[in-house]
Structure formats: C-alpha cells, structure tokens
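Using the numbering used here, read the sequence shown as starting at 33 and increasing by one per residue.
Cβ atoms here follow ideal geometry from the backbone N, Cα and C, with glycine treated the same way.
What follows is one structure encoded as structure tokens, with my remarks underneath.
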Amino acid sequence: MRLKLFLLPLILLAMCLSIQASELDSLNLYGFANLQAKLYEDEDNKILWSRLGLKGYQNNLFFRFEYDAASNNLKTSYLQAGLQDFGPMSDIKVSFGRLLSPPAALYPGPADLQMSRWPVSLDPYLININGASVGFGLPLGLEMETTCFTKNGKSELAGYLSGVAPDGMTWSLFYETGAATSVIIGFKDRIPWFLNPSIGLSWVPYPDGSSGAGLKAHFSNYLPLSESLRLYTQYDLDRAGGDDDYLVGLTWQYAVNSFVKVYYDDKTEQASLQASYYFNYTI
C-alpha cells in the first residue's frame, strides 16, 4: 500500500519526538528566502522561495523536513540511515521519503545558488521526488547514488557517479530515465585565478518524439573581484528544441548563503535584482 506523502512529516515528527528523550546528537532549525525586486511596471515584488526546515540526527539516523511557504509546498521530508566501512564501500546512506533528486543534488541551491537562476542543462530533471535511494562511497574517492521513484504512475531511476581528479578537476555523471543523461565538469587548480569554469552537458529526448537526443549545455565562469564580490557569466546552449541564452551579473555575499544579485538574463530579456537570506540555529 502506497504511503501518502502528507503522512511522512507526521511520521518523521513522531520519530523525532520519540528519540529526543535520549537527546539528539544534533537538531537544527534553518531557513532561507529569496526576494526579487520590482524593476519594471508590469512586475511585482516576488518571493521566489521562502523555506523553513528542521534537520537532526541521532547516531546514524538522520531526518529532514523542508517546507516552502512561497509555493505552499513540502519540498523534502525524509529519513536517512547511515552505515560506515561496509566492505569495499563506505559511508552507505539509505533514504526514504520526499527527496532531492540525485541530479539536482549536484547543483547549488536554492540556499547557496549564487546566480539568478539554474542553467538550462538542469531543465530536464525533476528537482524533488518521492522514493528511496542508496548512496555510498567507493575506492579512489568516488561517490555513487541511485534512487527509485514514481513518475506518472511508473517506476523510474535516477542517480550519479562523481569524483575528483588528482589535478583538482571535479566530474559527475548523472541520469534520470526518460529525461536526460548528463556530465558536469568543474576546474579548481592549475588554471589562472580569474578562471573558475563549470561545464554541463545534458543529452535529452527531442520534444517532438523523434529518434536521437538533443544537447542542452551550459558554460559558466566567475571572476572574483573581492572576497565577497563575484562577476558571473554563463552561456546556455539548447539543441533540443529551445534557444541559446546568456546570463551575466554580479553577486555580493554578505553572510553565509546570503547574497545580493544583479543580473541581466537574455532568456527573459530583462534585468533582475534579488536578495537572499539564510539562517541556521542549533536547538
């Protein structure tokens, strides 16, 4: 019998209260919000997201709730159990509930999203899913996660494999059945200080149902102007039925995961001014 989504928070809350009697190892209340200011006559001030969450753990048991007041939507509500040093695998994590999908977990945000939007290479993927996942560490510093979830009444799979090369290059392969297969590459070392590039490539089915796959890709870079100010540029390439776009702007970080963003987006042909705020309190 399928467990209804709205019961998950009640079940997890009951578990939290039951194990609190023995004192949780950690319990945190956190929240973050992002406001977009009105710049044009046909616009209004918008709250893009306004999240409130609770997370904690006891021994190897972890739980999280996250609710978005802006959309009146439960974003995450799951329970996770962890094991360590299990044969060749390490840090095994088994999760169940309303989860962040594995592909989406490789992108920043929304709490730490420093640009005004996500790249087009993320468009094909679901962000939140209802299902169960298994993730673990592998030799050579590799990490892997696979999730089984339900979409339109059908069982689907999503997952990723990621690692770090000796020269500091990060890479990730990820997929969602019926949606896309992608690779992300990031560069950290052995390049000039003013280059901090990221490349994402996603192969997606054509929207008209024709055979083959189209490419959605992003090429981004940031230039650090100071310790708290960055200049971002991003080019989105769409060969799967869409248009190419670019994004350019400044991001000022005034606190942890808290930003002021001024951007021009070719996708909407408009400028935007956004401000975000984040807090995290230990209870």
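Q) Would you report the Cα separation of G210 and A190, rounded to the nearest angstrom? A) 10 Å
Q: Could you say which of E73, L67, Y89 lies nearest to N60 if we only look at CA atoms?
A: Y89
Q: Using the Cα positions of V215 and D76, report the straight-line distance between them to the nearest angstrom.
A: 37 Å
Q. Can you name the residues that DSSP bridges to Q306?
A. Q68, K293
Q) Going by C-alpha distance, which of K78, A113, R149 is nearest S165? A) A113
Q) Within the chosen definition, does the segment 141–156 reach the segment 274–294 through at least 3 CB pairs nearer than 8 Å? A) yes
Q) Short check: CB of Y267 to CB of Y254, under 8 Å? A) no
**Q.** Residues near Y309 by beta carbon distance below 7 Å, same chain, minus five either side
**A.** F64, A65, S290
Q) Near M33, which residues of its chain fall below 7 Å by C-beta distance, leaving aside the five closest residues on each side in sequence? A) Model confidence at M33 stands at a pLDDT of 39, short of 50, so the residue's coordinates are unreliable; what they give is reported in the following sentence. Nothing meets the Cβ criterion.
Q) Which residue's Cα is closest to the Cα of Q20: W284, I161, G232, I315? A) Nothing in the structure corresponds to residue 20, since the chain is present only between 33 and 315.
**Q.** Uninterrupted alpha helix (DSSP H) stretches inside the segment 79–159 (no shorter than 4 residues)
**A.** 134–137
Q.
Please state the DSSP three-state secondary structure of L233.
A. strand
Q.
Check for me: the beta strand (DSSP E) holding D277 runs from which residue to which?
A. 277–287
Q. Going by other Cβ atoms of all chains shown within 10 Å of its Cβ, with 16 needed for buried, is N91 buried or exposed?
A. exposed
Q: Mark E259 as exposed unless 16 or more other C-beta atoms lie within 10 angstroms of its C-beta, in which case mark it buried.
A: exposed
(Q) Can you tell me where the beta strand (DSSP E) holding M176 begins and where it ends? (A) 174–183
Q | Cβ neighbour criterion (16 or more within 10 Å) applied to A69 | A | exposed
Q. Considering only residues of the same chain and omitting the five flanking positions on each side of W150, which have a CB-CB separation below 8 Å?
A. Y139, G141
Q. Hey, would you say A136 sits closer than 8 Å to Y157, going by beta carbons?
A. yes
Q.
Output needed for A53: all residues of its chain with C-beta closer than 8 Å, excluding positions within five of it in sequence on either side, in chain order.
A. Model confidence at A53 stands at a pLDDT of 46, short of 50, so the residue's coordinates are unreliable and nothing is read from them.
Q.
Output needed for N162: all residues of its chain with C-beta closer than 7 Å, excluding positions within five of it in sequence on either side, in chain order.
A. L37, R130, F181, T182
Q.
Is it buried or exposed, P134, if we count other Cβ atoms within 10 angstroms and call 16 or more buried?
A. buried
(Q) As a quick exercise: from L106, D100, A303, N104, pick the residue whose alpha carbon is nearest that of S148. (A) A303
**Q.** Inter-residue spacing [alpha-carbon to alpha-carbon] between L86 and N105
**A.** 15 Å
Q. Which residues share a DSSP beta bridge with R271?
A. In the DSSP output, where bridge partners are listed per residue, R271 has none listed.
Q) Helix, strand or coil: which one does DSSP assign to P171? A) helix
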